[in-house]
Structure formats: C-alpha cells, structure tokens
Amino acid sequence: MKVALRINGTLREAEVEPRKTLLDTLRENFHLTGAHAGCEHGVCGACTVLVDGAPMRSCLMFAVQADGYEITTIEGLAPAPGELSVLQDAFCETHGLQCGFCTPGMILSSHALLEREGSPSRQEIVEAISGNICRCTGYGQIIEAVEFAAERLRKANAPRGSALPHVGAPGTEPSAQDDAAIEHGILEAATAHDGGPK
Amino acid sequence: MNASTISTIGAPVRRKEDHRFITGKGRYTDDMNRPGQTQAYFLRSPHAHARIRAIDTTAAAAMPGVVAILTGADLAADGVGDLICGWMIHSVDGTPMRMGSHPALAKDTVRYVGDHVAVVIAETLNAAKDAAAAVEVDYDVLPAVAETGRAQAPDAPQLHEVAPGNTVFSWELGDKAATDAAFSGAAHVIPLDLVNNRLAPNPIEPRAAIGEYDSGDDAFTLWTTSQNPHLARLVLSAFVGIAPENKLRVIAPDVGGGFGSKIFIYAEETVCVWAAKRVGRPVKWTSDRSEAFLSDAHGRDHITHAELALDAHGKILGFRVKTTANMGAYLSTFASSIPTYLYATLLSGQYDIPAIHCHVDAVYTNTAPVDAYRGAGRPEATFLVERIVEIAARTLKMDGAAFRRRNFITSFPHQTPVIMAYDAGDYGASLDKALMLSDYAGFPARKAEAAARGKLRGIGLSNYIEACGIAPSAAVGSLGAGVGLWESAEVRVNPTGNVEVLTGSHSHGQGHETTFAQLVSSRLGIPMEQVSIVHGDTDKVQFGMGTYGSRSGAVGMSAIVKALDKVEAKAKKIAAYMLEASEGDIEFKDGRFTVAGTDRGLAFAEVALNAYVAHKFPTSEIEPGLKEGAFYDPTNFTFPAGCHVCELEVDPDTGVTEIVNFVAVDDFGVVINPMIVEGQVHGGIAQGVGQALLEGVHYDGDGQLVTGSFMDYTMPRAGNLPSFRIGLTETRCPSNPLGIKGCGEAGAIAAPPAVINALTSALGTEDVPMPATPAKVWQIIQAQRAVAQAAE
Chain V
6 MKVALRINGT LREAEVEPRK TLLDTLRENF HLTGAHAGCE HGVCGACTVL
56 VDGAPMRSCL MFAVQADGYE ITTIEGLAPA PGELSVLQDA FCETHGLQCG
106 FCTPGMILSS HALLEREGSP SRQEIVEAIS GNICRCTGYG QIIEAVEFAA
156 ERLRKANAPR GSALPHVGAP GTEPSAQDDA AIEHGILEAA TAHDGGPK
Chain C
44 MNASTISTIG APVRRKEDHR FITGKGRYTD DMNRPGQTQA YFLRSPHAHA
94 RIRAIDTTAA AAMPGVVAIL TGADLAADGV GDLICGWMIH SVDGTPMRMG
144 SHPALAKDTV RYVGDHVAVV IAETLNAAKD AAAAVEVDYD VLPAVAETGR
194 AQAPDAPQLH EVAPGNTVFS WELGDKAATD AAFSGAAHVI PLDLVNNRLA
244 PNPIEPRAAI GEYDSGDDAF TLWTTSQNPH LARLVLSAFV GIAPENKLRV
294 IAPDVGGGFG SKIFIYAEET VCVWAAKRVG RPVKWTSDRS EAFLSDAHGR
344 DHITHAELAL DAHGKILGFR VKTTANMGAY LSTFASSIPT YLYATLLSGQ
394 YDIPAIHCHV DAVYTNTAPV DAYRGAGRPE ATFLVERIVE IAARTLKMDG
444 AAFRRRNFIT SFPHQTPVIM AYDAGDYGAS LDKALMLSDY AGFPARKAEA
494 AARGKLRGIG LSNYIEACGI APSAAVGSLG AGVGLWESAE VRVNPTGNVE
544 VLTGSHSHGQ GHETTFAQLV SSRLGIPMEQ VSIVHGDTDK VQFGMGTYGS
594 RSGAVGMSAI VKALDKVEAK AKKIAAYMLE ASEGDIEFKD GRFTVAGTDR
644 GLAFAEVALN AYVAHKFPTS EIEPGLKEGA FYDPTNFTFP AGCHVCELEV
694 DPDTGVTEIV NFVAVDDFGV VINPMIVEGQ VHGGIAQGVG QALLEGVHYD
744 GDGQLVTGSF MDYTMPRAGN LPSFRIGLTE TRCPSNPLGI KGCGEAGAIA
794 APPAVINALT SALGTEDVPM PATPAKVWQI IQAQRAVAQA AE
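Those sequence lines, one after another, are chains V and C. For what it's worth, the numbering used here labels the leading residue of the first sequence as 6, then goes sequentially. For what it's worth, the numbering used here labels the leading residue of the second sequence as 44, then goes sequentially.
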C-alpha cells in the first residue's frame with residue numbers, strides 16, 4: 006500500500022507491503038541506511054529514529070503506522086551538508102563511538118533528551134540511552150559526549166532549538182553563532198583530553 | 044587537534060572515520076545491494092542432535108519467488124570442501140586433534156540447534172522465509188549433550204566418529220614432574236574449582252555476506268563482515284575450494300564490531316559465494332539476532348580444577364591445572380588454539396612460579412562452536428590465576444596486594460615455565476598506582492560505613508597479564524598454527540605528496556584510520572588529512588593477517604614503520620640529487636629534507652613530485668616513483684599488564700550488586716592516541732563486567748538454547764556500569780620499533796576476577812558463580828542466613 010512519510014523535512018512516498026517495518030522502508034525504499042537492524046525485537050535501539058521528536062524503534066513500527074508523522078533519521082540531524090550538530094560533534098570530541106553501528110540510534114536518543122532537558126544529570130542521560138546497547142564503548146564516553154554537548158549548548162547562550170536543528174526541519178539552521186560554537190569545540194579537542202580521563 | 048594538523052604520537056586526535064558514522068554514512072555490508080541480488084535464508088536445525096533421513100524441497104521450491112533451495116548434497120556435488128580449523132594441536136600421546144567433518148550445509152547429521160540444513164534463495168527475504176517453512180526435513184532425533192562436564196561421560200552421546208569420548212584432544216603444557224615435586228614440598232595447597240561461563244560476543248552489527256559471480260571473468264566477489272578478509276579468501280580458496288585466490292575478491296567494508304566473532308570463516312558466507320555461481324545472481328544474507336545467538340561462535344566455557352602450592356611464607360611454589368574446554372559441535376577456525384597456547388601459556392600471571400603443569404581436554408558438545416572472544420584464552424587464565432591467588436592470600440590471612448607483591452616477577456626478561464618470555468614490565472608500579480587511585484587503604488572505613496547502611500561492600504584486585512601482538516611466525520608455526528602472524532603494509536606516496544597506506548590490519552571500531560594516520564603524519568611531517576588508510580579489500584591490499592589479539596598497533600603499525608623507513612631512504616636519495624648534495628648529508632625532519640649544516644632544503648611534497656617526474660636523478664640508479672611495501676614479523680609476543688581494582692556494594696535484601704568504583708591501571712607500552720586507548724579500556728571492562736555479573740549463554744539439557752535473544756541474554760547497558768577511573772603506567776615494549784604492547788583486550792581480561800574478588804570479599808564466600816546475577820547472589824545470602832539461623 007502507499008505511504009507518505011515526512012522524512013527529514015521532505016515528503017516522500019513509497020509503495021510498501023503492510024507488514025514492512027519503518028526500518029526496512031527507510032533502508033530499502035529511501036536508501037537511508039543510517040538506521041540499523043541490531044536485533045529486530047526492539048531491544049538494542051540500533052534502529053532508533055525520531056517520530057515527531059520522540060525516539061522510536063523503527064524495527065517495531067510498520068511504515069504504514071508512520072504515515073503522517075515527522076520522521077527524523079541520523080541523516081537529517083546535521084544542520085547543513087558538511088556540518089555537524091553540536092551533539093554529533095561532541096560524540097567525535099569525546100570518542101563516544103567506536104564501530105559506529107549503534108551510534109545513529111544513540112545520537113538520536115540523546116538528541117531527544119537534549120531537546121527537552123538543557124542540563125541533564127548523569128542519571129538522566131543514562132536513562133535516556135538505556136534503551137540503546139553499545140558493545141564497544143562501555144558508555145562512559147557517550148555519557149561524556151552528551152554532557153559536553155549540553156554544556157556547549159548552554160555556553161553558546163542560544164535558545165535551545167536554534168543550536169540543535171528542529172526535529173523534522175533540518176537544513177534551515179544554524180546561525181553563524183552556532184558555527185562558531187562548533188569550531189570552538191573542534192579547537193578545544195587538543196586540550197579536552199590532555200589529562201587523559203576526567 | 045583536528046585533521047589538518049600534523050600529528051604526533053601520543054596526541055588525542057579526533058578520529059577521521061567518525062564523520063561518516065555520526066552522519067549515517069557508514070558502509071556496512073548490509074547497507075550494500077547488488078544488481079539482480081537474491082536473498083538467502085538458512086533453514087536451521089531445531090534439534091541439538093539428529094540424523095537427517097530426508098529433505099523434501101518439492102513443495103517449497105514451487106513457492107512464489109523461490110530461486111533455488113540447496114542442501115549439503117549440492118555442496119558435495121560441486122566438490123565444496125569442509126570448513127576447517129587452522130591450528131593443529133597434538134594430544135599428550137602424540138596423536139593429532141580429532142577434527143570432525145564440518146560441512147557448510149549438513150550432510151546427514153545436525154549437531155547443534157542452529158546447524159545449517161539448507162539454504163533457500165529467493166527474490167525477497169520474506170519469500171525465502173516462507174519457502175523455508177515449507178521444506179520438509181525428516182529428522183531422527185538423537186540424544187544430545189550440551190554440558191561441558193558431561194561430554195566425556197561414558198554414556199554421553201557421541202558427536203563425531205573420529206573423536207571417541209567426544210575428546211578433541213587431551214593436551215598438556217609444563218613440567219609435570221617438577222610441579223609434583225613442588226607440591227610435595229608445599230606448606231599449603233590451595234584448591235579451586237571454577238567455571239568460566241560461556242559468552243555470546245554480540246557485536247551490534249550482525250554478520251552478513253553478499254556473494255557475487257562474474258561469469259565473464261569466472262571470478263567471485265564476497266562482501267562480508269570480517270576481521271581478516273585475506274584469511275577468509277585463503278581459507279575459502281585453499282581449503283573450501285570455492286575458487287583460486289586470484290579469482291576470489293573478499294571485501295570487508297565498515298564492520299560494526301567483532302570482538303573475535305568475525306575472525307572466523309562461517310558456513311553462511313561460504314554458501315553465499317558458492318551459491319552465487321549456482322544461481323547466476325548475487326546472493327545476500329544478513330543474520331538476525333536470533334541467528335547470531337545460535338550460530339556466531341561463542342567464547343569461554345571452561346571447567347577447571349586447580350591447585351596452588353605455597354611455602355609457609357606465602358611464596359608460590361607450583362601451580363597445577365586441569366581444564367575441560369567446550370569446543371561446541373565443530374572446531375571453528377582457531378578454536379583449538381584458544382584453550383591451549385592462548386590459555387596455558389599465561390598461567391604464570393605476573394608471578395614468579397617455578398613450576399606449572401596444565402592439562403586441557405577439549406570436548407565436543409551439541410552446542411554452537413566456541414572460539415576466540417575478546418581476550419581469547421587469556422581471560423580464562425587470568426580469572427583462574429587471580430581467583431586462586433586471592434583465595435591463597437585470604438587463606439593465609441595476608442593482604443591480597445601484599446601477597447601479590449611477594450610473588451611478582453621483578454626482573455626482565457623473564458622466562459616462565461609455560462613458554463612465554465616476558466620482555467618488559469613493572470607490576471609493582473601499576474599495583475601502586477591502582478591502590479592509590481582506588482584509595483585501597485581507606486576501604487575498611489568505607490566497608491564499615493556501608494555496613495551501617497545495611498550494605499555488603501567488597502574490594503577486589505586483578506593483576507593481569509596478556510600476550511598480545513601475535514606473534515612471531517616461526518614460533519606460532521612450531522605450536523601448530525597453520526598461518527604466519529606477520530603483517531604487511533604498503534606506503535604509496537602520490538605525486539602531489541599525499542599518502543595512501545595499505546594495511547593488512549582491519550578496523551572494526553579500533554580507529555586505525557586515525558592512529559595509523561597519526562603515525563604517518565608524525566613521521567613524514569604531513570597533515571593528517573593528507574593520509575588515507577586503505578584496508579579490508581583483497582584487491583587493494585596484497586595480503587594481511589587481520590585484526591585480533593590486540594595486534595594492529597604492535598604488528599600492523601610496525602609494518603608501516605618498516606615501509607616508511609624505505610620511503611624515507613629512497614626519498615633521501617632523490618633529495619640528494621635535487622639538492623646536489625651527497626646522500627649522507629641529507630637530513631629529514633618535520634617534513635623537510637635539508638642538507639646538513641646549510642639552509643638548503645626541500646619539502647616532502649617537492650621530493651614526492653620529483654620522484655614521479657624523474658627529471659633530476661638517473662633512473663638507471665633510482666627507479667621512478669615513491670611506493671614501498673614491507674612485511675613485519677614480530678620478534679616476540681607483547682605483554683600488556685596492569686592492575687584493576689573493583690569496589691562494589693551488594694544489597695542483601697535484593698541481591699543487586701552495584702559497582703561503586705572501578706580503577707584500571709594499564710601498561711600498554713607506548714600509546715599512540717590516549718583517547719582511543721581509553722575507549723578500548725572502557726569497552727573491555729564493560730564486557731568483563733558483563734561476564735562477571737550479567738552475561739551467560741545457557742543451553743538446557745536437550746541442547747536447546749535458552750538465552751537466544753537480548754531479552755534472555757543480559758547485555759551491559761549504561762545503567763549497569765559506573766564511571767571508570769583509568770591510569771596508565773609505561774614500560775616500553777622492546778620487541779617492536781614503536782614500543783607498543785596493545786590495549787584492545789585488557790579490560791575483558793582483567794575485569795572478571797576484579798569483580799568476583801570484590802563480590803566474594805563482600806559476601807564472605809568464595810563460591811560465587813559467573814554471571815553473579817541478583818538471583819544467584821540473593822540465593823547465596825539466603826543460604827548464609829539459613830545456616831546462621833540454624834546455628835543460633
């Protein structure tokens with residue numbers, strides 16, 4: 006049957022079997038392969054996408070159920086081609102990823118947290134990513150990335166939502182001020198880790 | 044520091060590969076599709092042990108979308124050989140190990156739940172699955188044995204005719220007479236019975252494969268989730284007989300974690316590449332998580348009885364070990380080396396033990412094959428050594444740290460009684476630093492404070508050693524390895540001065556694109572962004588042995604150093620002609636060739652360009668171009684070592700264990716990128732904590748896998764783990780040019796005994812099994828309470 010999905014701000018249509026998951030539809034029909042199948046039973050979180058801003062397991066949702074919702078995938082998170090969101094940049098900064106397979110889901114879960122909470126506690130971050138299994142990192146550097154991103158977003162002194170792209174509406178942001186924040190973060194990398202672990 | 048900077052060794056450089064992963068542009072095997080591709084689905088055995096009387100595919104083959112249904116008979120008809128185990132172990136009596144036939148699709152018997160019965164190839168995966176359900180298999184179900192300790196029982200069902208008593212080999216290492224003599228003079232003998240629990244590696248990317256056949260060139264291509272694509276090609280070519288090596292290209296693109304489980308050559312990729320010619324179209328298979336639990340090689344699964352002999356003052360005199368290692372239903376690619384040369388050779392730990400004897404029986408059971416999983420043999424050795432050492436200290440009423448210190452090896456090189464010659468280390472330094480970082484001295488006060496809150500608090504040490512960077516080819520050859528364990532590298536300098544490095548190492552999360560580029564950047568004085576690392580394609584990289592055993596730094600990067608030496612030597616010759624100076628006067632530093640004592644010089648890129656235009660030097664003497672290759676064979680294993688300290692609290696009412704502090708102090712030799720090393724340590728500890736507290740593969744008595752999903756097999760999540768405190772000490776490794784020891788496995792090796800030593804300290808009993816789940820801990824506490832009440 007025909008579905009119309011608003012994916013990363015663009016309305017896209019596809020003809021799918023009713024039993025086709027949102028995950029398979031994103032990967033096969035729209036060639037958005039950033040969402041990954043890690044367990045197909047809704048437990049690992051590698052397939053996480055945002056549905057109207059909330060993290061959802063795209064392996065447990067049929068494409069037809071997503072009809073009419075705003076879908077955000079990892080491909081839609083960067084503010085512009087060649088740029089990174091503050092959170093994406095923070096994952097690089099703190100080494101919040103290794104093999105990269107769980108990473109899109111991990112970033113989207115964290116993104117949803119930062120959208121609703123500007124100063125999350127460690128426990129809140131842990132809870133936000135507790136549905137995403139990472140086998141590589143031991144989570145410490147992921148938690149550090151989210152804390153770091155939250156701190157930079159606060160320091161940027163910009164209203165939240167302008168530094169992070171709006172769910173479903175990427176490509177219109179950010180301002181020059183946000184670019185400065187990103188560049189600042191990159192330059193900080195050399196000093197951020199000179200003492201080894203924090 | 045970013046990629047446009049010239050890097051140095053030891054700098055926490057951001058990873059070059061990250062950009063594609065955080066933007067969803069990673070290219071994993073399942074992300075790829077080939078024109079005309081078909082989908083494969085494997086029909087797997089629902090029984091742990093059965094004879095196949097007949098397979099009827101008639102109805103299934105007629106279903107919509109089905110392209111072909113192939114069985115073991117088709118494999119045999121095409122002369123496709125068995126999967127192999129590439130490490131020969133000889134039993135004590137001199138006989139070679141008993142390798143049961145391991146066809147990629149079962150011939151007449153299935154030996155574990157998940158064993159491959161047939162492959163259905165169809166237009167879509169759903170069509171393949173539907174058809175698989177219609178294949179009729181007539182099984183004669185046989186009794187099964189899944190338990191390690193039951194495999195050799197006289198009445199146990201037999202898996203392979205060639206292996207009576209289900210015994211693969213009965214092997215020993217060390218001097219039995221000397222060990223017996225040490226025990227006869229001992230003041231104390233500490234006995235210990237241990238189980239090292241079976242684990243599922245569970246990289247989050249499931250295995251996948253696409254086989255493709257080009258009838259024009261009579262050549263195959265296999266995309267697969269491999270840690271070592273060249274080895275996959277070698278095995279599929281030389282042993283399985285799919286195609287000659289020059290007609291088989293193996294590509295391992297981005298790989299989403301491996302932890303050992305993607306070293307091996309499995310049935311599925313073998314079938315995909317073979318079937319691609321059969322059906323004349325590409326054949327793709329992607330594992331789902333259920334299949335991964337059933338058919339990825341598992342890790343660990345040992346049962347051990349050991350005894351430690353001590354003198355009256357707590358000095359270790361001898362160590363005696365008897366282990367039964369479960370190999371599963373078939374011998375996986377390197378299975379036989381894990382409980383032997385990667386296990387018994389580490390039984391000396393960090394300690395000066397005059398006599399060691401180890402006997403290992405490897406057994407077949409009706410379970411998934413067992414092979415290398417992060418640490419591979421060394422976690423089993425370290426768990427045993429660090430548990431028995433801790434128990435010995437407790438038995439003698441000595442402090443665990445003091446007991447260890449009394450027995451430390453303190454001079455190097457040190458020859459152990461079990462093959463290994465440790466080249467460098469300072470075990471006291473890592474112990475001191477770990478005790479300081481963990482405030483070991485303050486533990487009694489914290490324990491008392493916890494007791495006041497009704498919590499049981501414990502602290503545990505783990506002084507691990509591992510042998511990494513495997514390894515000198517002649518040495519491993521003499522121990523039975525079917526391959527050499529060198530590494531290759533090729534440094535291609537382009538005319539514009541940027542560089543491609545082709546390496547036989549393979550990154551599946553380790554960050555080689557960054558660390559290897561750091562090495563080249565620092566050595567040639569060119570920015571990181573001008574260095575590209577190429578790996579994972581047998582058509583690009585000539586040969587390589589892949590990534591496992593923490594070998595990519597120590598061995599893979601050493602090969603790059605060797606190639607860089609050659610590049611620099613040739614470039615100096617060219618620079619000498621360009622600068623009209625004698626070659627001996629040319630110096631190379633910070634990316635410039637200069638004439639010693641003058642201000643005349645050339646940038647690296649200028650020399651690179653001239654190497655290709657070849658106008659200014661005699662090509663009769665110097666060949667044009669600037670490209671050098673090297674094969675590096677290590678001179679020894681490397682020996683990372685360190686001390687991990689775990690402190691935890693148990694809630695006696697719920698049995699829940701909370702790790703409140705975890706300190707890891709590691710000596711990895713020279714560190715290239717401390718940020719990446721920290722990540723490796725964290726990830727390793729997480730897997731080690733997982734083994735100790737959460738993870739365990741369980742088969743029931745009939746050989747059915749009980750823990751077949753993430754709902755049943757507990758993976759560590761963010762809330763299960765504390766922040767880790769990491770420290771480094773450094774003794775340079777003398778056995779390779781960079782002084783690297785390797786860091787990938789330390790956490791998984793060190794953490795389990797640290798956690799269990801802490802838990803046994805908290806609970807006041809040594810009998811705590813892994814995984815020490817809340818239910819088991821609660822039962823232990825309940826039993827203790829019952830005994831205490833009965834005594835009142």
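Idealized CB from N, CA, C, for every residue including glycine. In this text the structure is predicted, and so the values were computed from the model without any measurement.
Assuming residue i is part of the alpha helix (DSSP H), what are its boundary residues?
i: residue 108 of chain V; result: 108-121
i: residue 315 of chain C; result: 310-322
i: residue 173 of chain C; result: 168-177
i: residue 337 of chain C; result: 332-338
Give the secondary structure of residue i by DSSP, where H, G and I count as helix, E and B as strand, and everything else as coil.
i: residue 479 of chain C; result: helix
i: residue 174 of chain V; result: Caution applies to residue 174 of chain V, whose pLDDT of 38 falls short of 50 and renders its modelled position unreliable; the model cannot decide the point.
i: residue 12 of chain V; result: strand
i: residue 151 of chain V; result: helix
i: residue 644 of chain C; result: strand
i: residue 458 of chain C; result: strand
i: residue 623 of chain C; result: coil
i: residue 292 of chain C; result: strand
i: residue 168 of chain V; result: Note on residue 168 of chain V: pLDDT 43, under 50, position unreliable in the model; no value is reported.
i: residue 725 of chain C; result: helix
i: residue 245 of chain C; result: coil
i: residue 422 of chain C; result: helix
i: residue 182 of chain V; result: For residue 182 of chain V, the predicted structure reports a pLDDT of 37, less than 50, and the residue's modelled location is therefore unreliable. The matter cannot be settled from this model.
i: residue 67 of chain V; result: strand
i: residue 52 of chain C; result: coil
i: residue 5 of chain C; result: Nothing can be reported for residue 5 of chain C, as the shown portion of chain C is limited to 44 through 835.
Can you confirm whether residue i, when its beta carbon is compared against all beta carbons of chain V, has any partner nearer than 9 angstroms?
i: residue 738 of chain C; result: no
i: residue 553 of chain C; result: yes
i: residue 366 of chain C; result: no
i: residue 61 of chain C; result: yes
i: residue 778 of chain C; result: no
i: residue 289 of chain C; result: no
i: residue 847 of chain C; result: As displayed, chain C neither begins before 44 nor continues past 835, which places residue 847 of chain C out of reach and without an answer.
i: residue 709 of chain C; result: no
i: residue 65 of chain C; result: yes
i: residue 721 of chain C; result: yes
Ends of the beta strand (DSSP E) at residue i?
i: residue 214 of chain C; result: 210-217
i: residue 82 of chain C; result: 81-87
i: residue 365 of chain C; result: 359-371
i: residue 134 of chain V; result: Taken as a continuous stretch (DSSP letters only), residue 134 of chain V belongs to no beta strand (DSSP E), as it is neither H nor E.
Could you tell me how far apart the beta carbons of residue i and residue j are, in whole angstroms, since I believe they sit closer than 8 angstroms?
i: residue 150 of chain V; j: residue 98 of chain V; result: 7 angstroms
i: residue 431 of chain C; j: residue 233 of chain C; result: 6 angstroms
i: residue 729 of chain C; j: residue 759 of chain C; result: 5 angstroms
i: residue 115 of chain C; j: residue 150 of chain C; result: 4 angstroms
i: residue 567 of chain C; j: residue 542 of chain C; result: 7 angstroms
i: residue 744 of chain C; j: residue 156 of chain C; result: Rounded, the Cβ-Cβ distance is 13 angstroms, inconsistent with contact.
i: residue 441 of chain C; j: residue 357 of chain C; result: 5 angstroms
State yes or no: is the beta carbon of residue i nearer than 9 angstroms to at least one beta carbon in chain C?
i: residue 140 of chain V; result: yes
i: residue 40 of chain V; result: yes
i: residue 74 of chain V; result: no
i: residue 135 of chain V; result: yes
i: residue 145 of chain V; result: yes
Going along chain B, which residues have a C-beta under 9 angstroms from residue i?
i: residue 752 of chain C; result: Checking the listed chains, one finds no chain B in this structure; the protein chains it contains are V and C.
Fill in: Touching by the beta-carbon criterion (3+ pairs, under 8 angstroms), the segment 131-141 of chain C and the segment 65-80 of chain C
no
Worksheet item: Taking contact to mean at least 3 C-beta pairs separated by less than 8 angstroms, is the segment 694-704 of chain C in contact with the segment 717-725 of chain C?
Response: no
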